[in-house]
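The structure appears below as structure tokens.
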Amino acid sequence: MAEKAQSFDPEGLLKKGIHNLKKTVKPKEEGEKSTPKVVAAEPTEAVADKTSPIQTTAPNSWIAQTQIPQTEPLLEDERILSALGYISFLCVLPLVLRTESDFCQFHGKQALVLTMIFFFVNLLAGVFFVFRFLLPLLLFIEFIVIVVAIIKALRGGWWRIPFVYEWSQSLKF
926 MAEKAQSFDP EGLLKKGIHN LKKTVKPKEE GEKSTPKVVA AEPTEAVADK
976 TSPIQTTAPN SWIAQTQIPQ TEPLLEDERI LSALGYISFL CVLPLVLRTE
1026 SDFCQFHGKQ ALVLTMIFFF VNLLAGVFFV FRFLLPLLLF IEFIVIVVAI
1076 IKALRGGWWR IPFVYEWSQS LKF
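Per the working numbering: the sequence shown = residues 926 to 1098.
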């Protein structure tokens, strides 16, 4: 029994929220070109939970951009203040100056935890001779993480820094 061929409409499927697709290919008929035609698409896994407040666009990515729905658009000063928070001693600015902003609190807590981690790691590397050869590598990693965090904050992103995000959520202010 021959099935009716359906056209592949990626925009329609994406509008419905189906992100991961498994393509089915119609077999080549006599006299047809050798290029297979995509007939239909089926979801390979469940669609993300729409009630969850946090959705990541790249769950397996090291730098996963997190989408948290906002009731109002982010102000430019919130983004700038959050980015400034990643400069070591300024980490408390977003926490103190914008207590009502979820965005500033999110980045401020991460910046505080990140600053504490880098302080203690650099202190240990400086005190113990065994770790002194690692100091340039640690400073380079610190610089890269801070630059990426500042860029994400300036663009209005909710970047969950690996390992730091979990610790920052335990802070209650």
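The C-beta atom is built at its ideal place from N, Cα and C for all residues, glycine as well.
- Each residue's CA atom was taken as its position, placing S1095 and P1087 some 14 Å apart.
- In the structure shown, the three-state DSSP call for W1092 is helix.
- Contact annotation, L1018 with L1006: C-beta distance approximately 6 Å; criterion of less than 8 Å satisfied.
- Contact annotation, G1051 with R1004: C-beta distance approximately 34 Å; criterion of less than 8 Å not satisfied.
- Counting other Cβ atoms within 10 Å of its Cβ, I1075 reaches 16 or more and is therefore classed as buried.
- A residue is called buried once 16 or more other Cβ atoms fall within 10 Å of its Cβ, and K1034 is buried on that count.
- When DSSP states are grouped into helix, strand and coil, K1077 belongs to the helix group.
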